[in-house]
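Numbering (the working numbering), first residue to last: 170 to 420.
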Amino acid sequence: MTSQPLIEISNVSKEFRGGIRALNNVDLTVAKGEVVVVLGPSGSGKSTLIRCVNGLEEASSGSIRIAGEPVNGHSERSWRKVRLEVGMVFQNYALFPHLNVLRNITLAPIRAGVMRRTDAEAEARRLLKMVGLSEKETAPVSSLSGGQQQRIAICRALAMKPKAILFDEPTSALDPEMVGEVLAVMRKLAEEGITMICVTHEMGFAKSAADRIVFMDKGEVVEIAKPEEFFKSPKAERSRQFLELISRHND
Ligand SMILES: Nc1ncnc2c1ncn2[C@@H]1O[C@H](COP(=O)(O)OP(=O)(O)OP(=O)(O)O)[C@@H](O)[C@H]1O
Ligand SMILES: [Mg+2]
Numbered sequence: 170m171t172s173q174p175l176i177e178i179s180n181v182s183k184e185f186r187g188g189i190r191a192l193n194n195v196d197l198t199v200a201k202g203e204v205v206v207v208l209g210p211s212g213s214g215k216s217t218l219i220r221c222v223n224g225l226e227e228a229s230s231g232s233i234r235i236a237g238e239p240v241n242g243h244s245e246r247s248w249r250k251v252r253l254e255v256g257m258v259f260q261n262y263a264l265f266p267h268l269n270v271l272r273n274i275t276l277a278p279i280r281a282g283v284m285r286r287t288d289a290e291a292e293a294r295r296l297l298k299m300v301g302l303s304e305k306e307t308a309p310v311s312s313l314s315g316g317q318q319q320r321i322a323i324c325r326a327l328a329m330k331p332k333a334i335l336f337d338e339p340t341s342a343l344d345p346e347m348v349g350e351v352l353a354v355m356r357k358l359a360e361e362g363i364t365m366i367c368v369t370h371e372m373g374f375a376k377s378a379a380d381r382i383v384f385m386d387k388g389e390v391v392e393i394a395k396p397e398e399f400f401k402s403p404k405a406e407r408s409r410q411f412l413e414l415i416s417r418h419n420d
């Protein structure tokens, strides 16, 4: 690990219009290659936090740095740069339904000038192989299952060669039988050392793939711990209550 964290979130707060305080003095640093899973009840600020990290939302105060470069308080140009450097995978994969699989993956890197077409296509093929979808190269995305589309969305994020990828509940819109294939790809990325912040309700993934768990409640980071500590002996009362609720739900 390098001495400088890849993602540095310092004292970040976010207030939406109407006075909703979605984030309250959040501190979190993520090292290069680290996998952080963010857990917490609905409305606790998980999505807002990762949206601030890639500039989809602007923090009201505090600072966010990616590889030492400030994300917030700058021009539209620097916002765009952040979005190029930090990939994002959402619950609804938002691919272009009228374009085939290969074009969906190569479009952004070609447009942004990250790669020439031939290089972008070679990279897309490598990524498709990695997610087990080589044979779908020319298929229109509208013909793919939800799990397949989400794997393509992951390829699309990776094609930009981002410094980190943020996941916001990437499996929660999928049919149960497709969750596993997407989590398997995420596990592979984790093993390859890609820096990831994942908001997910998949506790199995959190336990086995995370380097650290961040538990949020009411806009605050309540606890940060290694998964074995968090799941066995959570320190905060709110973490305990959350885990109890989850285990009851899964019974
Ligand atoms: N664009 C917005 N405008 C106003 N309030 C917002 C906006 N986005 C989020 N909020 C509020 O900020 C708080 C945190 O929302 P956020 O979406 O970050 O929670 P979350 O932890 O991701 O929840 P969930 O698990 O349901 O996705 C909530 O009270 C939410 O209603
Ligand atoms: Mg959310």
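Cβ atoms here follow ideal geometry from the backbone N, Cα and C, with glycine treated the same way.
- In terms of CA proximity to Gly373, Val206 leads the group Gly362, Pro174 and Val206.
- Glu338 has its Cβ nearer than 7 Å to a heavy atom of ligand 2.
- Note that the stretch 311 to 330 does not touch the stretch 180 to 195; fewer than 3 beta-carbon pairs, one per stretch, sit closer than 8 Å.
- The beta carbon of Val251 is closer than 7 Å to those of Asn223, Gly224, Ile235 and Val240 in its chain, skipping five residues each way along the sequence.
- Exposure of Thr307 is indicated by the presence of fewer than 16 other C-beta atoms within 10 angstroms of its C-beta.
- For Thr369, the distance from the CB to the nearest heavy atom of ligand 1 is not below 7 Å.
- The DSSP-derived three-state label of Pro339 is coil.
- Ranked by Cα distance from Asp288, the options Met299, Ile274, Gly301 and Val300 are led by Ile274.
- Excluding sequence positions up to five before and after Arg220, its CB lies within less than 6 Å of the CB of Glu226, all in the same chain and listed in chain order.
- Annotation for Val258: the continuous beta strand (DSSP E) segment containing it runs Val255 to Val258.
- For the pair Gly256 and Pro331, the CB atoms are nearer than the 8 Å cut-off.
- In this chain, the alpha helix (DSSP H) harbouring Asp288 covers Arg286 to Met299.
- Distance between Ala277 and Arg186, taken at the CA atoms: about 32 Å.
- Note on Phe399: 16 or more other CB atoms within 10 angstroms of its CB, so buried under the neighbour-count rule.
- As for any beta strand (DSSP E) of minimum length 3 sitting wholly inside the stretch 310 to 360, the runs are 333 to 337, ordered along the chain.
- Exclusion of Ser303 from the 7 Å shell around ligand 2 follows from its C-beta lying no nearer than that to any non-hydrogen atom of the ligand.
- With a cut-off of 7 Å, the C-beta of Ser216 is classified as near ligand 2, since at least one heavy atom of the ligand falls inside that distance.
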